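Participant: In this note's numbering, the protein residues as written are 133 to 348. Beta carbons are placed, not taken as given, at the ideal position from N, Cα and C, and that holds for glycine. Just so we're clear, the structure is a prediction, and the values are computed from it rather than from any experiment.
Below you can see the structure in the form of structure tokens.
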């Protein structure tokens with residue numbers, strides 16, 4: 133959620149929003165992590181303005197074509213034509229696809245769905261083990277309005293688009309659903325559990341709100 137870095141040369145607390153939507157909080161020598169987080173919490177209005185500016189710079193075309201950009205793990209990826217005929221594959225900050233003038237959204241979405249089907253369940257079981265929780269199975273779905281859900285049979289369902297968001301946002305969504313294994317509601321007790329295992333989760337929720345249009 134929030135990367136806290138201690139820098140002996142720093143003279144004050146410094147909060148920076150990176151281009152991938154993550155936050156970095158620098159603490160000076162002798163600084164307190166608790167005071168640092170309180171400092172970050174007081175910057176809520178500033179953060180909202182910065183997230184809005186970041187989202188405004190990330191307007192995307194409705195079609196995905198050669199040269200278009202989309203989000204992958206919170207980073208901008210450019211679609212490039214693959215002149216070697218190697219199929220769809222990532223290479224650095226680009227995704228190489230067979231040369232085409234057509235809208236590539238459906239083709240690329242299927243590729244991302246396949247990656248999500250492999251990566252997201254592994255992360256769910258990893259986080260569940262860390263918090264002594266038992267998950268029966270994980271399903272990956274193509275949903276427009278929901279990021280995840282948890283059934284009483286301990287099935288976690290996730291939106292494949294979580295593979296497009298930064299890791300701290302992905303983990304928040306997964307942890308949110310895992311906490312429903314303890315409380316199948318959104319009571320005050322549930323949110324206390326979320327805050328305990330995912331401090332600063334509001335930052336992840338704000339990122340989702342600001343970037344929702346880019347993830348449809």
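Alpha helix (DSSP H) containing residue 255: first to last residue?
Facilitator: Taking the chain shown and counting its residues from 1, one reaches residue 255 at position 123. Here the alpha helix (DSSP H) through residue 255 covers 237-262.
Participant: Name the two residues that bound the continuous alpha helix (DSSP H) containing residue 327.
Facilitator: Here residue 327 corresponds to residue number 195 of the chain shown, with the count starting at 1. 320-329 is the extent of the alpha helix (DSSP H) around residue 327.
Participant: Relative to the C-alpha of residue 276, which residue among 303, 340 and 308 is closest?
Facilitator: Here the question's residue 276 lines up with position 144 in the chain shown. When only C-alpha atoms are compared, the closest one is 340.
Participant: Please identify the residue among 219, 161, 315 and 239 whose C-alpha is closest to the C-alpha of residue 284.
Facilitator: In the chain shown, counting from the first residue as 1, residue 284 sits at position 152. Looking at the Cα atoms, 315 is the closest of the given residues.
Participant: Please list, in chain order, all residues of the same chain as residue 195 whose beta carbon is under 6 Å from its beta carbon, the five residues on each side excluded.
Facilitator: Start at 1 with the first residue of the chain shown, and residue 195 comes out as number 63. So the list reads 235, once near-sequence residues are dropped.
Participant: Give the secondary structure of residue 231 by DSSP, where H, G and I count as helix, E and B as strand, and everything else as coil.
Facilitator: Working through the chain shown from its first residue, we reach residue 231 at position 99. Correct three-state label for residue 231: coil.
Participant: Residues in the same chain with beta-carbon distance under 7 Å from residue 193, minus the five sequence neighbours each way, listed in chain order, please.
Facilitator: Taking the first residue of the chain shown as 1, we reach residue 193 at position 61. Reliability of the predicted coordinates at residue 193 is poor, the pLDDT of 49 falling under 50, and the value obtained from them is presented with this limitation in mind. Only 200 meet the Cβ criterion.
Participant: If you follow the beta strand (DSSP E) that residue 215 is in, where does it begin and where does it stop?
Facilitator: Counting from 1 along the chain shown, the entry for residue 215 is found at position 83. Where residue 215 is concerned, there is no enclosing beta strand (DSSP E), given that its DSSP letter is neither H nor E.
Participant: Assess, as a yes-or-no matter, whether the stretch 326-341 is touched by the stretch 302-309 under the definition of 3 or more beta carbon pairs within less than 8 Å.
Facilitator: The answer is yes - the stretch 326-341 touches the stretch 302-309, with three or more Cβ pairs under 8 Å.
Participant: Hey, residue 249 and residue 292: beta-carbon distance below 9 Å or not?
Facilitator: Start at 1 with the first residue of the chain shown, and residue 249 comes out as number 117. Start at 1 with the first residue of the chain shown, and residue 292 comes out as number 160. Yes; because the gap between Cβ atoms is below 9 Å, this pair is in contact.
Participant: Less than 9 Å between the beta carbons of residue 155 and residue 145, yes or no?
Facilitator: As a working note, residue 155 is residue 23 in the chain shown. As a working note, residue 145 is residue 13 in the chain shown. The answer is no: Cβ separation not under 9 Å.
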